[in-house]
Amino acid sequence: MSASTHSSATDVDGGESESAKIEALFLIRFDKKVGYTISWKRTTTPDISLENGVEFKSLPSGLHSLQSDLVYFTHDGYAGLSAFARGDAGAEERNANFVSVGVLARRDGQYGRLGRAWLIAGRLEKLAAALADDAEAVTPLEEFWEEQTSHTKSHGEASDEDSKEHSRARAISTVSAVTKDDERLPAYHPALSILRYIDVFGPLVFRLQQAALLRKRILFVGTPPVRLMCDFVYILSILSSLSARDADLLFPGTESLLRLPTLFSVGVHDIPSLERTGTDGWVACTTDEIIATKNKLYDIIVELPHSPNQKISIRTSDKAQIKASQRDVARFKLLHRALFTLRNASVETYSDTPDSSEHEPLISHDEISAQRAEDEYNESYDDTIVEPSTWSRLAYAGFMWWASAGERDAYATSERDAEREIMGDLASHSNVELAVIAYFHRLSGQFVGGLGQIVQRDDEGDEDGDDGEDEGVVLDRAELSGLGLDRWSEADAAFVQEFGAVWFGRQVEVGGGGVDCCGLRVPLL
Numbered sequence: 086m087s088a089s090t091h092s093s094a095t096d097v098d099g100g101e102s103e104s105a106k107i108e109a110l111f112l113i114r115f116d117k118k119v120g121y122t123i124s125w126k127r128t129t130t131p132d133i134s135l136e137n138g139v140e141f142k143s144l145p146s147g148l149h150s151l152q153s154d155l156v157y158f159t160h161d162g163y164a165g166l167s168a169f170a171r172g173d174a175g176a177e178e179r180n181a182n183f184v185s186v187g188v189l190a191r192r193d194g195q196y197g198r199l200g201r202a203w204l205i206a207g208r209l210e211k212l213a214a215a216l217a218d219d220a221e222a223v224t225p226l227e228e229f230w231e232e233q234t235s236h237t238k239s240h241g242e243a244s245d246e247d248s249k250e251h252s253r254a255r256a257i258s259t260v261s262a263v264t265k266d267d268e269r270l271p272a273y274h275p276a277l278s279i280l281r282y283i284d285v286f287g288p289l290v291f292r293l294q295q296a297a298l299l300r301k302r303i304l305f306v307g308t309p310p311v312r313l314m315c316d317f318v319y320i321l322s323i324l325s326s327l328s329a330r331d332a333d334l335l336f337p338g339t340e341s342l343l344r345l346p347t348l349f350s351v352g353v354h355d356i357p358s359l360e361r362t363g364t365d366g367w368v369a370c371t372t373d374e375i376i377a378t379k380n381k382l383y384d385i386i387v388e389l390p391h392s393p394n395q396k397i398s399i400r401t402s403d404k405a406q407i408k409a410s411q412r413d414v415a416r417f418k419l420l421h422r423a424l425f426t427l428r429n430a431s432v433e434t435y436s437d438t439p440d441s442s443e444h445e446p447l448i449s450h451d452e453i454s455a456q457r458a459e460d461e462y463n464e465s466y467d468d469t470i471v472e473p474s475t476w477s478r479l480a481y482a483g484f485m486w487w488a489s490a491g492e493r494d495a496y497a498t499s500e501r502d503a504e505r506e507i508m509g510d511l512a513s514h515s516n517v518e519l520a521v522i523a524y525f526h527r528l529s530g531q532f533v534g535g536l537g538q539i540v541q542r543d544d545e546g547d548e549d550g551d552d553g554e555d556e557g558v559v560l561d562r563a564e565l566s567g568l569g570l571d572r573w574s575e576a577d578a579a580f581v582q583e584f585g586a587v588w589f590g591r592q593v594e595v596g597g598g599g600v601d602c603c604g605l606r607v608p609l610l
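Positions 86 to 610 (this note's numbering) are the ones given, in order, by the sequence shown.
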């Protein structure tokens, strides 16, 4: 598959409408007698209910320890965004004022996962900071509300038919904004945290991608600030979106699964709604550790480090630790090197001298950059999150060393070449966020397209056969590798089996298979 495949399929929300469509604006204050209350509110329609909901969602547990934060959430089908601020106060107010200025925005095919609320995040921050010092001075809120509602009226509302047509167009293409490579994403856009996301999870980003592709219920658990966790929720949903091109290969009825639903910040008051979702997939985050103890609510829990000394942990609901495969590690090293090059493109690794035009450096710039990237990666490498080498892998490596020094790395080389093709020219892009998103989409496209071809080939074989009995699709380990997975990883074998059931409605099995070396067939266990 060409590295340019899906290069524009960034699926980044925004760009198709000029601004957020704000349906509600509210101010939350902390009262030492009654707790958090809605002290001021405006809605476009009386049908929008704010009580007993947004005050808790706007102020997750632990925010009181911060000076400010941004929190994304969902409420009655709307996207919510609140800006928290802490102001000084007297002893009677516990020496601090806690306020949150929040909005509900329209959340649909036109406005995206967050209702484009990030466009007004900076304004909300300024309002919250001012009201934290004087919560009675609500005139700026009135002016902001008038500005938002008059903006909508001046541009008019789209007709129902227009909205339906837009939704159909979006279903055909998951690209909601094709931003040019030389353009930056707007300030506060959650995709701007994508490099931080990759740094935090390392090789485990690929296991998270798999869980999201299986549309699991994924819960990030951490401490404030909440904004970064909300960004991670958005990023995982973006990275795991499937395109319309991929959808054409999938089992009928899976169209609703092309995107992983995003709940963003949730708390103890959301437990009933989480229970009602059943086994439907979603991704969310929380600072309420009590939710982590209710393992029936989620499938995958991602525990973010509370301090630099703590390590990332990804577990299933039955507490089984999830580890990266050996191929994930190799793939991540290539990604890390490309991103290292992007981050350090303007940094010279050796000084120009008067003799530099006459003498080539002993070590090239690219070699120095590659070594620095390798050193940086090794400093952060954690073997506790990586699957150990299996006996089969070790035995195969030993046999290949014995059989033929020339062929011993043939399969490893083939996989590295495939990874480089998927990576493409990522390091040359100026818009790193969109380049990384496109890279993950190419990975998904490679897997879906490859498995789709295998399923189709099996279907054609069944049509030509005369027994009429469907025994399922059987892959060997070489085919597993061709799909971009680790041929030696049982977790990858389990992933392709579950993916086949969810997206193709087929039973998929992974057999032992074998490899050819020096004219001999070596079985793989």
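C-beta atoms are modelled at their ideal positions from N, C-alpha and C, and glycine is treated no differently. Since the model is a prediction, treat every value here as computed from it, not as a measurement.
What is the DSSP secondary structure of serine 104, reduced to helix, strand or coil?
Position 19 of the sequence shown, counted from the start, is the residue given in the question as residue 104. Correct three-state label for serine 104: coil.
Buried or exposed: which applies to serine 566, given that a residue is buried once 16 or more other Cβ atoms fall within 10 Å of its Cβ? Here residue 566 refers to the residue found at position 481 when the sequence shown is read from its first residue. Its Cβ being crowded by 16 or more others within 10 Å, serine 566 is buried.
Only counting runs of 3 or more residues, tell me where the beta strand (DSSP E) segments fall wholly within the segment 395-422, in order along the chain.
At a cut-off of 3 residues, the continuous stretches assigned as beta strand (DSSP E) that sit fully inside the segment 395-422 are 398-401.
### Cα-Cα separation, phenylalanine 169 to alanine 369
Start at 1 with the first residue of the sequence shown, and residue 169 comes out as number 84. Start at 1 with the first residue of the sequence shown, and residue 369 comes out as number 284. C-alpha separation (whole angstroms): 19 Å.
Please state the DSSP three-state secondary structure of serine 146. The sequence position of residue 146 within the sequence shown is 61, counting from 1. In this structure, serine 146 counts as coil in the three-state DSSP scheme.
*Under the three-state reduction of DSSP, which class applies to leucine 345: helix, strand or coil?*
The residue you call residue 345 lines up with position 260 of the sequence shown. Three-state DSSP puts leucine 345 in coil, outside helix and strand.
Review point. For glycine 590, is the classification buried or exposed, using 16 other Cβ atoms within 10 angstroms of its Cβ as the cut-off for buried?
Key: The residue you call residue 590 lines up with position 505 of the sequence shown. Exposed, since its Cβ has fewer than 16 Cβ neighbours within 10 Å.
- The beta strand (DSSP E) enclosing alanine 164, as first and last residue numbers: The count along the sequence shown starts at 1 and reaches residue 164 at position 79. Unbroken beta strand (DSSP E) run through alanine 164: 163-173.
(request) Would you mind sorting glycine 162 into buried or exposed? The rule is 16 or more other CB atoms within 10 Å of its CB. (result) Your numbering for residue 162 matches position 77 in the sequence shown. Counting of Cβ neighbours within 10 angstroms places glycine 162 among the exposed residues, the total staying below 16.
**Request:** Ignore the nearest five residues each way along the sequence and tell me which others in leucine 334's own chain have a CB closer than 7 Å to its CB.
**Result:** Translated into positions along the sequence shown, residue 334 becomes position 249. Taken in chain order, the residues that qualify are Val533, Gly534 and Gly537.
_Burial state of lysine 396, where buried means 16 or more other Cβ atoms lie within 10 Å_ = Residue 396 sits at position 311 when you count from the first residue of the sequence shown. Residue environment: lysine 396 is assigned as exposed (fewer than 16 neighbouring CB atoms within 10 Å of its CB, all protein chains considered).
Self-check item: Per-residue DSSP class, three states only, for tryptophan 573
Solution: Residue numbering aside, residue 573 sits at position 488 when the sequence shown is read from its first letter. The DSSP-derived three-state label of tryptophan 573 is coil.
Taking 8 Å as the threshold (C-beta atoms), are leucine 313 and serine 326 in contact? Sequence index remark: in the sequence shown, residue 326 carries index 241 (1-based). Sequence index remark: in the sequence shown, residue 313 carries index 228 (1-based). No, Cβ-Cβ distance for serine 326 and leucine 313 is not below 8 Å.
Notebook entry, point to check: If you draw a straight line from the alpha carbon of serine 582 to that of alanine 576, how long is it in whole angstroms?
Noted result: Position 497 of the sequence shown, counted from the start, is the residue given in the question as residue 582. Position 491 of the sequence shown, counted from the start, is the residue given in the question as residue 576. Here residue 582 is glutamine; the residue named in the question, serine, does not match the sequence. Computed Cα separation, rounded: 10 Å.
Requested in this report: Please list, in chain order, all residues of the same chain as serine 167 whose beta carbon is under 6 Å from its beta carbon, the five residues on each side excluded.
Outcome: Indexing the sequence shown from 1 puts residue 167 at position 82. So the list reads Ser143, Val156, Ser185 and Gly187, once near-sequence residues are dropped.
- Item | For phenylalanine 336, the three-state DSSP class (helix, strand or coil) | The residue given as residue 336 occupies position 251 in the sequence shown. Note: phenylalanine 336 maps to coil in three-state DSSP.
Item to complete: Round the Cβ separation of aspartate 98 and arginine 201 to the nearest angstrom and send it over; I've been treating them as touching at under 8 Å.
Response: The residue you call residue 98 lines up with position 13 of the sequence shown. The residue you call residue 201 lines up with position 116 of the sequence shown. With 8 Å as the limit, aspartate 98 and arginine 201 qualify as a contact, their Cβ atoms being about 7 Å apart.
For the alpha helix (DSSP H) containing serine 153, list its first residue and its last residue. The residue given as residue 153 occupies position 68 in the sequence shown. Unbroken run through serine 153 is the beta strand (DSSP E), 153-160; no alpha helix (DSSP H).
* Could you tell me which residues DSSP puts in a beta bridge with tyrosine 121? => For the purposes of this step, residue 121 is taken as residue 36 along the sequence shown, with counting starting at 1. Note: tyrosine 121 sits in a beta bridge opposite Phe115.
Notebook entry, point to check: Can you check whether the CB of alanine 423 is closer than 8 Å to the CB of alanine 512?
Noted result: In the sequence shown, residue 512 corresponds to position 427, counting from 1. In the sequence shown, residue 423 corresponds to position 338, counting from 1. Alanine 423 is positioned such that its CB atom lies closer than 8 Å to that of alanine 512.
Report all residues from its chain with a CB closer than 6 Å to the CB of histidine 274; omit the five preceding and five following residues, and keep chain order. What you label residue 274 is simply residue 189 of the sequence shown in a count that begins at 1. Cβ-Cβ distances below 6 Å link histidine 274 to Trp203 in the same chain, with the five nearest sequence neighbours on each side left out; the list follows chain order.
* To do: Give every residue of the same chain whose Cβ lies closer than 6 Å to the Cβ of arginine 127, excluding the five residues on either side of it in the sequence, and list them in chain order.
  => Taking the first residue of the sequence shown as position 1, residue 127 is located at position 42. The beta carbon of arginine 127 sits closer than 6 Å to those of Leu110 and Trp230, all from its chain and outside the five residues before and after it, given in chain order.
Check your understanding: Who are the near neighbours of glutamate 388 in its chain, counting only those whose CB is closer than 6 Å to its CB and skipping five residues on each side?
Key -> On the sequence shown, residue 388 is found 303 positions in, with the first residue counted as 1. Here the set comprises Val306 and Ser398.
C-alpha distance - valine 351 paired with arginine 542, whole-angstrom precision | In the sequence shown, residue 351 corresponds to position 266, counting from 1. In the sequence shown, residue 542 corresponds to position 457, counting from 1. So the two alpha carbons sit approximately 44 Å from each other.
**Prompt:** What is the DSSP secondary structure of arginine 269, counted as helix, strand or coil?
**Reply:** Residue numbering aside, residue 269 sits at position 184 when the sequence shown is read from its first letter. It is coil, neither helix nor strand.
For threonine 362, I'd like the list of residues in its chain whose CB is within less than 8 Å of its CB, leaving aside the five on either flank, ordered along the chain. Within the sequence shown, residue 362 is the residue found at index 277, counting from 1. Excluding sequence neighbours, threonine 362 sits near Arg302.
- Task: Evaluate contact between the segment 374-386 and the segment 285-301, counting only Cβ atoms and requiring at least three cross-stretch pairs below 8 Å.
- Result: Using a C-beta cut-off of 8 Å, the segment 374-386 makes contact with the segment 285-301, since at least three inter-stretch Cβ pairs fall below that distance.
| query | What is the DSSP secondary structure of valine 290, reduced to helix, strand or coil? | reply | Taking the sequence shown and counting its residues from 1, one reaches residue 290 at position 205. Shown here, valine 290 sits in a helix according to DSSP, grouped into three states.
Among residues of its own chain, excluding the 5 on either side of glutamate 594, which ones have a beta-carbon nearer than 8 Å to its beta-carbon? The residue you call residue 594 lines up with position 509 of the sequence shown. Result list for glutamate 594: Gly557, Val558, Val559, Leu560 and Gln582, in chain order.
Notebook entry, point to check: Helix, strand or coil: how does DSSP classify serine 89 here?
Noted result: Along the sequence shown, read from residue 1 onward, the residue named residue 89 stands at position 4. Reliability of the predicted coordinates at serine 89 is poor, the pLDDT of 43 falling under 50, and the value obtained from them is presented with this limitation in mind. Coil at serine 89, not helix or strand.
Output needed for serine 153: all residues of its chain with C-beta closer than 8 Å, excluding positions within five of it in sequence on either side, in chain order.
Your numbering for residue 153 matches position 68 in the sequence shown. Contacts found: Ala168, Phe169, Ala170, Arg171, Glu210, Ala213 and Ala214.
* Using the Cα positions of arginine 527 and aspartate 331, report the straight-line distance between them to the nearest angstrom. => For the purposes of this step, residue 527 is taken as the residue at position 442 of the sequence shown. For the purposes of this step, residue 331 is taken as the residue at position 246 of the sequence shown. One C-alpha to the other measures close to 11 Å.
Beta-carbon proximity list for threonine 308, same chain, < 7 Å, skipping 5 on both sides: Residue numbering aside, residue 308 sits at position 223 when the sequence shown is read from its first letter. Counting only Cβ-Cβ distances below 7 Å, and skipping sequence neighbours, we find Gly147, Thr372 and His391.
If you measure between the beta carbons of glutamate 47 and arginine 416, is that distance less than 8 Å?
This structure does not reach residue 47, given that the chain is present from 86 up to 610, and the question cannot be answered.
Spatial distance of alanine 243 from glutamine 195 (CA atoms): By 1-based counting over the sequence shown, the position of residue 243 is 158. By 1-based counting over the sequence shown, the position of residue 195 is 110. Any answer about alanine 243 is weak, because its pLDDT of 44 lies below 50 and its placement is not dependable; what the coordinates show is given next. In this structure, the straight-line span from the alpha carbon of alanine 243 to that of glutamine 195 is close to 10 Å.
query = Does the beta-carbon of arginine 253 have 16 or more other beta-carbons within 10 angstroms, so that it is buried, or is it exposed?
reply = On the sequence shown, residue 253 is found 168 positions in, with the first residue counted as 1. Confidence is the limiting factor: at arginine 253 the pLDDT is only 34, short of 50, which leaves the residue's position unreliable, though a coordinate-based value still follows. So arginine 253 counts as exposed.
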